[in-house]
Amino acid sequence: YSDATWFPSYEWTICLCPHCGTHLGWYFQSGNIQSKSFKSFVGIVLDYVISGDCKFYR
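Just so we're aligned, residue 1 is where the sequence shown starts under UniProt numbering, counting upward by one.
Following this line, the structure appears as C-alpha cells:
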C-alpha cells in the first residue's frame with residue numbers, strides 16, 4: 001500500500017505468520033527504482049518475535 005505510509009516513497013505490506021496468521025510487522029519497498037537508499041526493509045513487532053521452542057516453529 002502506498003497510502004498512509006510512515007516512510008515517503010515506500011509502499012508497505014503486512015507481514016503475517018504463515019502458520020497462525022499473527023501480525024508480525026510490515027515489509028516496506030521503495031517505489032523509486034532510481035533511489036540509492038534501501039530498496040526494502042522490514043519493521044518487526046518485537047512483542048511477537050518468538051523463540052525456537054514455539055509449537056509452530058519446526
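Ideal placement from N, C-alpha and C gives every residue a C-beta, glycine not left out.
With a threshold of 7 Å (Cβ to nearest heavy atom), would T5 be considered close to the ligand FMN? As for the ligand FMN, it is missing from this structure, which has no ligand bound.
From which residue to which residue does the beta strand (DSSP E) around S9 run? According to the DSSP assignment, S9 belongs to no beta strand (DSSP E), since it is labelled neither H nor E.
When DSSP builds the beta bridges, which residues end up paired with Y27? In the DSSP output, where bridge partners are listed per residue, Y27 has T13 and V42.
DSSP state of D47 mapped onto helix, strand, coil: Look at D47 here: in three-state DSSP terms it is helix.
How big is the Cα-Cα spacing for S30 and I44? The straight-line gap from Cα to Cα measures roughly 17 Å.
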